[in-house]
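This report concerns only the one structure given below.
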Amino acid sequence: MLISPIAVAQTGNPLRRLLHADTARFGRILRAPKQYRVQIIYTQINRDAQNKPHFRSYTYGGANLRRYFYPASTVKLPAAVLALEKLRGLRTQHPALTPESPVRIDSAFTGQTRVVRDSTNSTGRASIAHYIRKVLLVSDNDAYNRLYEFLGSGTLNAELHRRGYRHVRLMHRLSVGDQEPGSRHTNPMTFFAASSLRIPVYQQPGGFFAGAWPQLKLKGEKIGKGYMQGEKRIEQPLDFSTKNYISLASLQGVLRAILFPESLPAERRFQLDTADYQFLRRYMAMLPRESEAPRYDSLEYPDNYAKFLLAGGPAGPLPSGVRIFNKIGQAYGFLIDNAYITNEAQGVEFLLSAVIYTNADGILNDDKYEYDAIGFPFMRDLGQAVYQYELKRIRRYRPDLSQFRETQRK
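Okay, so the sequence shown: first residue is 6 according to the working numbering, each after it adds one.
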């Protein structure tokens with residue numbers, strides 16, 4: 006639908022203009038870019054007469070592929086995608102296997118833990134689908150660790166690299182102190198036909214990744230001036246060279262591949278079916294209180310619990326009409342959000358990915374980070390600035406977003 010003549014394109018970077026035009030909100034960050042390690046990618050989406058999306062990206066802070074930041078929970082999104090893809094591939098030999106198949110997880114190496122039941126699922130059992138729900142709804146760490154164990158670190162890295170996401174190094178579970186050699190070992194798993202766990206449909210033995218970790222030649226992997234190790238303070242930077250990494254461009258690339266697979270060449274697409282894509286999109290946008298299984302208390306998990314851009318900060322609702330398909334991360338002073346933000350009624354859609362580091366005392370692991378004072382306000386203000394710009398930005402064709410309507414909870 007033609008809504009107005011296309012405007013003469015402004016020269017320069019609109020993202021940079023938005024930041025510099027509001028020094029009250031962004032001045033602190035602009036004056037100390039090295040301290041805050043800010044990287045932003047803002048991607049405009051313009052539809053043609055056939056509603057085909059066309060993308061144009063703008064960056065701030067370089068969005069440098071080799072400038073290190075700790076990605077925290079943002080790594081859970083590619084794990085969720087690849088887990089569904091692996092299941093789809095396995096079904097050619099094991100047709101009874103589905104994302105909802107109950108799974109029993111055993112242990113075969115030091116530090117591994119078993120899973121027989123999952124009380125948050127209506128079946129009382131764990132499943133790959135249920136782990137993905139928990140990952141996307143509230144960023145559950147244990148759920149990610151189970152996806153990591155299903156895939157193995159070798160598969161995680163190789164499959165992302167194969168699709169062109171080369172600046173990726175995923176090498177450990179989250180929040181359990183995972184390190185070598187344990188991070189190379191994965192648990193044995195058995196998938197069953199029903200919750201009685203009597204008829205196995207697929208068995209995966211424990212695995213071991215013997216290969217070399219990706220060598221990325223990253224910059225700035227030693228962070229801070231010290232860190233806490235238990236009660237002891239170590240007076241040297243924390244070395245992140247043995248921790249996860251995925252570039253901001255790769256994060257947004259994975260998000261785009263889930264939302265707009267047809268916009269990518271075939272070799273860069275994930276091998277998912279329509280139901281898989283709908284499942285991922287539904288739970289990326291769903292609010293915790295809308296979930297029936299798992300159930301979440303809205304006081305503990307408000308609408309903006311995992312929506313930093315546009316809505317970060319004190320508990321509250323999203324702006325009216327806004328839906329956010331995203332995955333956030335928060336750890337070691339880093340805040341990250343990787344989002345597709347829409348308002349169908351207003352004809353607005355855009356991709357926005359950002360990272361900021363807030364750690365004034367330079368000490369890591371002391372739980373003294375300026376998330377509330379600086380990080381969340383920055384994410385909220387950045388999202389609002391771009392959203393307000395998008396509300397006014399002239400498009401030749403109004404986007405038809407009906408393809409995402411099916412992801413809404415009935």
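A virtual CB, placed ideally from N, CA and C, is assigned to each residue, including glycine.
Neighbour-count burial assignment, residue i, 16 or more Cβ in a 10 Å radius
i           : result
residue 304 : exposed
residue 10  : Confidence at residue 10 is low in this model, with a pLDDT of 26, below 50, so the placement of that residue is unreliable and no value is reported for it.
residue 37  : exposed
residue 201 : exposed
residue 157 : buried
residue 415 : Summary for residue 415: the model assigns pLDDT 43, below 50, so the residue's position carries little reliability; its value from the coordinates is reported in the next sentence. So residue 415 counts as exposed.
residue 396 : exposed
residue 263 : buried
residue 278 : exposed
residue 385 : buried
residue 226 : buried
residue 237 : exposed
residue 100 : exposed
residue 12  : Bear in mind that the predicted position of residue 12 carries a pLDDT of just 31, short of 50, making it unreliable; the figure below should be weighed with that in mind. Its Cβ having fewer than 16 others within 10 Å, residue 12 is exposed.
residue 190 : buried
residue 1   : The question about residue 1 has no answer, for the chain in this structure spans 6 to 415.
residue 28  : exposed
residue 410 : exposed
residue 300 : exposed
Pair within 8 Å by beta-carbon distance, residue i and residue j
i           : j           : result
residue 114 : residue 32  : no
residue 110 : residue 119 : yes
residue 402 : residue 369 : no
residue 298 : residue 126 : yes
residue 345 : residue 363 : no
residue 290 : residue 329 : yes
residue 173 : residue 306 : no
residue 98  : residue 253 : no
residue 159 : residue 216 : yes
residue 196 : residue 80  : no
residue 192 : residue 124 : no
residue 77  : residue 334 : yes
residue 308 : residue 322 : yes
residue 268 : residue 261 : yes
residue 23  : residue 35  : no
residue 122 : residue 116 : no
residue 380 : residue 340 : yes
residue 175 : residue 150 : no
Given residue i as reference, the closest of the options once Cα atoms are compared
i           : options               : result
residue 259 : 208, 56, 236 and 167  : 167
residue 273 : 60, 169 and 43        : 169
residue 372 : 346, 21, 235 and 265  : 235
residue 293 : 138, 46 and 76        : 138
residue 399 : 364, 339, 378 and 351 : 351
residue 214 : 177, 199, 317 and 205 : 177
residue 198 : 189, 208 and 192      : 208
residue 320 : 228, 94 and 382       : 382
residue 89  : 161, 173, 60 and 58   : 161
residue 94  : 290, 276 and 410      : 276
residue 327 : 360, 282 and 406      : 406
residue 342 : 300, 46 and 241       : 46
residue 182 : 388, 248, 361 and 404 : 248
residue 42  : 71, 55 and 266        : 71
residue 19  : 245, 390, 261 and 410 : 390
residue 266 : 57, 322, 40 and 30    : 57
residue 73  : 271, 246, 408 and 331 : 246
residue 374 : 129, 232 and 256      : 232
residue 242 : 295, 22 and 367       : 367
residue 288 : 34, 141 and 21        : 141
residue 222 : 69, 129 and 256       : 69
residue 91  : 39, 365, 408 and 163  : 163
Boundaries of the alpha helix (DSSP H) in which residue i is found, first to last residue
i           : result
residue 379 : That residue, residue 379, is in no alpha helix (DSSP H); it is neither H nor E in DSSP.
residue 279 : 279-290
residue 83  : 81-95
residue 150 : 146-156
residue 196 : That residue, residue 196, is in no alpha helix (DSSP H); its beta strand (DSSP E) goes 194-197.
residue 55  : Counting along the chain, residue 55 falls outside any alpha helix (DSSP H), and DSSP gives it neither H nor E.
Closer than 8 Å to chain D by CB, residue i
i           : result
residue 248 : Absence of chain D from the displayed structure is noted, only one protein chain being present.
Residue range of the unbroken beta strand (DSSP E) whose run includes residue i
i           : result
residue 219 : First-last for residue 219: undefined, no H or E at that position.
residue 331 : 328-336
residue 49  : 44-52
residue 109 : 108-110
residue 357 : 353-362
residue 340 : 339-348
residue 239 : 237-239
residue 231 : 231-234
residue 257 : Taken as a continuous stretch (DSSP letters only), residue 257 belongs to no beta strand (DSSP E), being part of the alpha helix (DSSP H) at 253-264.
residue 5   : This structure cannot speak to residue 5, because the chain is shown only from 6 to 415.
Evaluate the contact criterion for the stretch 133-140 versus the stretch 103-114: three or more CB pairs, one atom per stretch, below 8 Å. yes
Report yes or no: do three or more beta-carbon pairs, one from the stretch 78-90 and one from the stretch 150-165, lie closer than 8 Å? yes
Inspect the CB distances between the stretch 63-70 and the stretch 308-324 and report whether three or more fall short of 8 Å. no
Counting pairs of beta carbons, one from the stretch 38-58 and one from the stretch 352-367, are three or more of them closer than 8 Å? yes
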